[in-house]
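Residue numbers (our numbering), protein chains in the order written: chain G, 1 to 284; chain X, 285 to 568; chain W, 569 to 1144; chain Z, 1145 to 1720. Glycine included, each C-beta is placed from N, C-alpha and C at the ideal position. Report on the following structure.
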Amino acid sequence: MVTVNDYPLSETAWCPGCGNFGIRLALRDALVELGLAPHQILLVSGVGQAAKLPMYMSGNSFTGLHGRSLPAAQAFKLVNPALKIFVFGGDGDGYAEGGNHLLHAIRRNVDLTYIVHNNQVFGLTKGQASPTSLTGYVGGITPQGTRMPGFNPIPFAISMDIGFVARSFSGDKDHLVAMIKAASKYNGFALIDVLQPCVTFNKVNTYKWYKDRVYYLPDDYDPTDKELAFRKSQEFGERIPLGIIYQSNRPAYTTAIDNPTDDPVAFRPHNPADFTFLNKENEI
Amino acid sequence: MVTVNDYPLSETAWCPGCGNFGIRLALRDALVELGLAPHQILLVSGVGQAAKLPMYMSGNSFTGLHGRSLPAAQAFKLVNPALKIFVFGGDGDGYAEGGNHLLHAIRRNVDLTYIVHNNQVFGLTKGQASPTSLTGYVGGITPQGTRMPGFNPIPFAISMDIGFVARSFSGDKDHLVAMIKAASKYNGFALIDVLQPCVTFNKVNTYKWYKDRVYYLPDDYDPTDKELAFRKSQEFGERIPLGIIYQSNRPAYTTAIDNPTDDPVAFRPHNPADFTFLNKENEI
Amino acid sequence: MDLTIVVGGAAGQGLRSIGLALVKAGAKAGFHVFATQDYMSRIRGGHNFFRIRFSEDEIFTTNQDCHLVVALDHDSVEFHKNDLDRGGLILCDPKDVQANSEKIFYVPFGDLAIEHGGHKIMANSVALGAVWGLLGGEIDDIYSLLEDTWETKGTDVVEKNKSSALAGFEHAIKNKPKDFELKFKKISTTHEKRLVVDGSTAIGMGAIAAGCRFLSAYPMTPSTGITEYIASHQNSCNIIVEQAEDEIAALIMGIGAANAGARSLVPTSGGGFSLMVEGLGLAGITETPIVIVNMQRPGPATGLPTRTEQSDLLFAIHAHQGEFPRLVMAPHSPEEAFSTIVRAFNMADFYQIPVIVLGDQYLADSLKTTTSFDFNSVKIDRGKLLDEEEANSLGGDYKRHLLTEDGISPRVFPGRSRAIFATTGDEHDESGNIIEEADLRIAQHEKRLKKLESLRQNSRKPLEYGAKNASIALISWGSTYGAVKEAVDLINKKGSIAKMIHFIDIYPLNPDTVIEAIGGYKERIAIEGNATAQFAKLIKSETGIGMTKYVLRYDGRPITPEYIIDNIKEGGNLPW
Amino acid sequence: MDLTIVVGGAAGQGLRSIGLALVKAGAKAGFHVFATQDYMSRIRGGHNFFRIRFSEDEIFTTNQDCHLVVALDHDSVEFHKNDLDRGGLILCDPKDVQANSEKIFYVPFGDLAIEHGGHKIMANSVALGAVWGLLGGEIDDIYSLLEDTWETKGTDVVEKNKSSALAGFEHAIKNKPKDFELKFKKISTTHEKRLVVDGSTAIGMGAIAAGCRFLSAYPMTPSTGITEYIASHQNSCNIIVEQAEDEIAALIMGIGAANAGARSLVPTSGGGFSLMVEGLGLAGITETPIVIVNMQRPGPATGLPTRTEQSDLLFAIHAHQGEFPRLVMAPHSPEEAFSTIVRAFNMADFYQIPVIVLGDQYLADSLKTTTSFDFNSVKIDRGKLLDEEEANSLGGDYKRHLLTEDGISPRVFPGRSRAIFATTGDEHDESGNIIEEADLRIAQHEKRLKKLESLRQNSRKPLEYGAKNASIALISWGSTYGAVKEAVDLINKKGSIAKMIHFIDIYPLNPDTVIEAIGGYKERIAIEGNATAQFAKLIKSETGIGMTKYVLRYDGRPITPEYIIDNIKEGGNLPW
Ligand SMILES: Cc1ncc(C[n+]2csc(CCOP(=O)(O)OP(=O)(O)O)c2C)c(N)n1
Ligand SMILES: Cc1ncc(C[n+]2csc(CCOP(=O)(O)OP(=O)(O)O)c2C)c(N)n1
Ligand code: SF4
Ligand code: SF4
Ligand SMILES: [Mg+2]
Ligand SMILES: [Mg+2]
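Printed below as a string of structure tokens:
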């Protein structure tokens, strides 16, 4: 049986009080509750404060380039569908540098859980505005405030009929655990946008700011109702809903070849001689 | 006065019957009706069959890299707001290679008209599936058919509260002229997704296929109603609505510095000596 | 016998079918065939052509000869009439082309097709027959070819094509000019089966032979042929083929799949490779075995998309910030491409590095006759892998970047054992944790760079061809091989003074071998399909040895033997 | 007098404030100051430090000395105690640090701050005062500094800081060990105003002086300082600063703005530069003047994000498929950076090419005293521009890529006249139409490459320093200048045998000048902050001249004079 002892928590380079700690704890608890052992999972990430998470957890991990976690994660899954894959990154990583990959990962719908640590700021590079920074946010490159609206990933995801999209808050571990478990159980691409205070740089979107605004979607909320979901998803102001906002349960992407979990294409034995038949097509 | 004679049509490398011809004609007529002379406009494009359009038109032009038209176009506009800019490209150019730029161009809302020649296929590279190809579309890299849903740019754009988004059809010049004119008049980022038959490679989404499906939004359709627009925008099957699907009239992006049309920052006289004051900040 | 037929026409006129048929017919007749394709970056119209060369000896290059032109439109007459050798003819349909030249030989392709085949579409077979008739070939070769080609469409189609071909054949024999002297001598075919393949297909076949299990790509001419070949064989060959949203994703996907355990291939061309530069270094620091094929075309930027050049060499060697080992190879023929790709996969796995194979449009699209590929003798070396038991026993103590004598750490694949796999694009310790300490950095950096020295030692020696005691060395790499070889022959006809020294392994070079190979010549002539003599620069930077002359080409067209001969002129320095 | 103070602590402890204050205090006291920052890729915690060197002579480098350590935490004591020169001391607050060493000199920073300044936050001023007291400095320098710093916060704040500083100052004088011998000699300050600037600021100031009107960037250490400096001056300096969604967009935006008519700057670091490679070639083929600043850090991939290296040199030179002219320069100090950037803009406009300026983290973050920058003598050369009248008269006949003697075509800016501007990333004719003809391709390709030869001719000669008839040449480029200069001095103390030959213009090199500069030495020693001696390779590929020794550093730390002296050992070849 998997226990919390399988996931010891190592020292981090995060600031004391950072919202990332809450995400790490929730992830650990979700993994334990899902009964997943470190060697069964793969943690994939990009570059940023959020993206360091795999360094501070047990489990297989691949920490790649800024903004490029999703293509790697999808390919890992395609060639070895037995892996349970969780992907991590910041709002800069996922929504700025990695925007195109997110767009197409949503379309492709490979079975992954993608957790965005959305602190509405570029943390690791010291406080520049990110796509999710709200209009007027003052960062190093935008000393007079950004002049764009904050990017809201939820309606974006819904517009492409994502299979599963949720919003959670690093300040509420139980909620986040529940979201991670639900996302992981959905067989397809699941996005969780997690509100994560950056106590060092983001002096606007603080713990208090989030706490004052977040609320839970009621039990009778129907996440399969797309129009309702689209409407709800746009709330990001005085009130911010948490929960599974939309769930279409689109079937997961599979490759054009049969590639079962117990016989992944990547590991089938190979004998070059078996392919002599290819000569035939070009023989005269 | 600007007349069609200002826009002579040159020989093209397009296939006879290609939908691109209709777009070119509509553009010419729209430019004439808008009273824009070739030296006042700038045509920006990427790479692909669609992206060759500036080659076959009069007017200033910048034909750049595959997928990279929008960053160039936005910068042209920012430093010289007097330019009237029209951007062209295919569905591969705009929605595959260029996806991240589109996402952020919508957020940024620089005053441009972006026309996507959506033939649901990679034309210039000979028929591979594009993001807008419908599930099952057989292309060179997907001989068993694509396994992703076709990308629909309209709900995508609405989800980010685009200022102006329309759909038109290269087979209906009058409609397309009207859309180009409306887009050009909107002061902000306007996207027109134009259905454009590729007679050589796309044997599924033919002139007939489109003609059988397209219809015009009724006069009483209210494009400022976002939820209605979101619902409408998802029709892309038996019926495909044409017209201005959503219009939020968000104010156009401007830079943090005052940069009027008649005195663009780029062309203000420069005297290095004026900046001696910068030494002050670092003096001891 | 060395004979060249050009088939010219607009895109969309089906000249590829006629071209292919002639290639195969020549092969059936026992010749060695080499054919190039010259096409524009457009789908319809313009001027495209196929150059097909038949020879009694094995050939690896196109040349400048032209004996027959099949002109499908008027432009083709204009384009090629001045290339015609004395005694050559231009075949065309009087309905398509009205030209005023004594070289024109009219064959009513269309009318004969309708008359004998029932439809204009049979015109290709008429043309085929006419060429064969003119050259004194045997109609049986054509028949056998048409049977192979149309078999699946039923006997009616086969027969109609045959009648059409026969009509063209007989028309040609009956009407050919008295003074037309070109003649076939059919070669008695050996019993060995032969192939007609282009470079793209050969690369695809090589990758399959090597056990490639994942390919990701974004379409880009002239690399798409490789991707499409493999895509069309994915089911029978156990290969997952993913069309990526862009080239950045394509390479990163390949890196993911490779770390998961699949041999991965990423084909692209220069512009796509540019977008992969960041990912390349990720493969470098994570020690990921991956094969990237860059099919070069003339740059910069979009350049000339459907043409050929060898101008990405120094870029391929130096792409990415920082320093890490890589291997760059450049095959020159379909058969060499087949084995180079296999070697690329083995070297990638052995050294756990990215391997870049440089091809070009000329290699990709040129068809050549060759003996069948020998899949049986393909050897697979997956390098240092821990078996499941070893991996399980290590568990959380497994170190992906273990420091070892040779710099190579044993691999495991995540999820395939209880070993925990961890790596990162940041500098790391042996276990794959991010570090910043100077000593740990030095240890890992030197571990990686150590492989470079071993790669150098294992670098393949250049191929040599020509006169024993030559004083002139023609130094080349990649797809120019055939042209250089024939240029050497042409030079040596007038006195045995020239030798070809041709490189397949490009980087890292072994300075000792290079000095040994090129050091002793009075003249060293770089032959390259670029404007700045990139390989010559590389040689000089590794050995200090410069060239004495340069034959360069950068108009997007392939280097031919005649081009080399014409351009060997005086002059030491490059103009820029 | 040559004295080094280290301030060490965890990120977030405010060591930058103390460090900066010490730098300025040293400058006030009339010294030449050079200070480096060593920080980890994290926001809080870890171990960071500031090394501040005061000297009577102008200095361009950090070194290995260490006379005083201000330790803000226990780790700092551990890290630096062994670096201390004999007689040095470690200053720390007994409440923060409990260490057992006779080198410790306790100063109750916190308590004195509360007592004399009313708040713990004044501890920095206490520390400052204590250092000054120990060294026998004058409290007036500190006072004047505190006045400058806190002026805007009101007299109360100024006074509290002063009292705190005085408390530290007096504490130090009273309690300093008897045998403590280090002593200040204040230098009588010249009347000329001086600056304290780091490389980032100097680059930003240079760009403003050059008339930069557009900057686009995506944040990346260590280039962000440049972007943020310019962003904070955008209004007063007429510069549009755009934060792009990624580096691809950043460069393409810069290219757009440049073609519109704005001088454009794109700062980045290696990883971002990797993503710009495709755009770089677009600038090349469209002949777009643009300045890219690549602030290098150790690679590959994410590598060591906050540290320094010189390993992108060959990458910068060869990035992108195909061939086109570019200019690569590497300044080595704030003052050189200021003028290099101006020259970069002028050369970009003159040749209509991309110019790459290579800096690194060491240059970016090192502070130096310097005379004020001379904005008055900055010359602007925008190259060949048509005036409105000329442009109007051409109208639709204007040719953006007109063939000219020198390969440079006159520019117009779209929409600024009736001239029609057209260009493309495909190969084109003079008017900017896509073409495929061989002759048109050759004409445009040669037009572009012709500029390379002219660039070569105009390449700046290397800086030379050292003994007249030296037999040893230390060959360097970029930020190692100061270290090499002092290493030469150290060597020459024992006999005048060494000379520095330092390059700022890196590519294209002029082989004749290089041979002249380095050809005559018995020993040629490459000094580079990378593992493969990239500049040495470039020199060899251009001149055939190899090095006899290598001093390389690739642990992310800057090269110091002592590092050079310690590492000049035998050995010709590189290990890889
Ligand atoms: C290609 C590239 N560009 C830029 C960077 C620098 N960089 C590192 S992390 C980061 C953004 C961090 O923001 P986010 O992704 O939101 O993560 P956070 O630190 O806030 O968790 C950037 C720009 C990089 N590593 N690589
Ligand atoms: C970086 C890069 N990748 C790939 C290509 C090859 N390429 C040229 S056009 C094109 C796609 C064409 O499709 P689309 O954009 O839909 O335009 P269409 O031809 O259909 O109008 C591709 C993949 C390229 N030129 N550059
Ligand atoms: S900078 Fe912000 S996001 Fe990064 S560790 Fe500190 S608090 Fe967390
Ligand atoms: S290939 Fe298709 S899109 Fe391209 S020109 Fe032909 S019909 Fe038009
Ligand atoms: Mg963030
Ligand atoms: Mg298309």
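Short note on residue 1578 (chain Z): C-beta not closer than 6 Å to any heavy atom of ligand 4. Shown here is that no member of the region 577-588 of chain W has a Cβ falling below 8 Å from a Cβ of chain Z.
Per DSSP, the beta bridge partners of residue 450 (chain X) are X:476, X:528. Shortest Cα-Cα distance from residue 677 (chain W) to any of W:663, W:1123, W:667 involves W:663. Here the alpha carbons of residue 1167 (chain Z) and residue 537 (chain X) stand approximately 42 Å from one another.
Collapsing the DSSP output to three states places residue 1332 (chain Z) in coil.
Residue environment analysis places residue 1496 (chain Z) among the buried positions, since at least 16 neighbouring C-beta atoms fall within 10 angstroms of its C-beta. By the rule that beta-carbons nearer than 7 Å mark a contact, residue 128 (chain G) touches chain Z. A Cβ-Cβ contact shorter than 7 Å links residue 1180 (chain Z) with residue 1510 (chain Z). Spatial neighbours of residue 412 (chain X) in its own chain (CB-CB distance under 6 Å, excluding positions within 5 residues in sequence) are listed in chain order as 406, 423, 424, 425. For residue 1570 (chain Z), the Cβ stays outside the 6 Å cut-off from all heavy atoms of ligand 2.
Taking a cut-off of 8 Å for Cβ pairs, the region 609-621 of chain W and the region 290-304 of chain X touch, as three or more such pairs fall below it. At a cut-off of 7 Å between C-beta atoms, residue 383 (chain X) counts as an interface residue with respect to chain G.
Take the alpha-carbon of residue 49 (chain G) and the one of residue 841 (chain W): they are about 29 Å apart. Chain-ordered, the chain X residues with CB closer than 7 Å to the CB of residue 809 (chain W) read 425. Look at residue 891 (chain W): its C-beta is not under 7 Å from any C-beta on chain X. No Cβ-Cβ contact shorter than 7 Å links residue 443 (chain X) with residue 318 (chain X). For the C-beta of residue 200 (chain G), the chain Z residues within less than 9 Å are, from N- to C-terminus, 1156, 1187, 1188. Here the region 802-817 of chain W does not lie against the region 861-877 of chain W, with fewer than 3 beta-carbon pairs under 8 Å apart.
Under DSSP, the beta-bridge partners assigned to residue 1177 (chain Z) are Z:1198.
Taking a C-beta distance under 7 Å as the contact criterion, residue 1273 (chain Z) and residue 1298 (chain Z) do not qualify as a contact pair.
Below the 9 Å Cβ cutoff, chain Z contributes 1363 as neighbours of residue 122 (chain G), in chain order.
According to the DSSP secondary-structure assignment, residue 1148 (chain Z) is paired through a beta bridge with Z:1197. Take residue 624 (chain W), set aside five residues on each side of it, and the residues of its chain with a beta-carbon closer than 6 Å to its own are 569, in chain order. Against residue 47 (chain G), the close residues of chain Z are 1446, in the order they occur along the chain (beta-carbon pairs closer than 7 Å).
DSSP, reduced to helix, strand and coil, places residue 928 (chain W) within a strand of the structure shown. Between the alpha carbons of residue 1535 (chain Z) and residue 1595 (chain Z) lies a gap of roughly 24 Å. In the structure shown, residue 1046 (chain W) adopts helical secondary structure according to DSSP, grouped into three states. Relative to ligand 2, even the nearest heavy atom lies 6 Å or more away from the CB of residue 300 (chain X). Counting every other CB atom within 10 Å of its CB across the protein chains shown gives residue 1529 (chain Z) a total below 16, marking it as exposed. Residue 1233 (chain Z) has its alpha-carbon roughly 59 Å from the corresponding atom of residue 354 (chain X). In summary, no residue of the region 211-225 of chain G has a CB separated from any CB of chain X by less than 9 Å. According to the DSSP assignment, residue 660 (chain W) belongs to the beta strand (DSSP E) that extends over 657-660.
Of all residues in the region 819-837 of chain W, none has a C-beta nearer than 8 Å to a C-beta of chain X.
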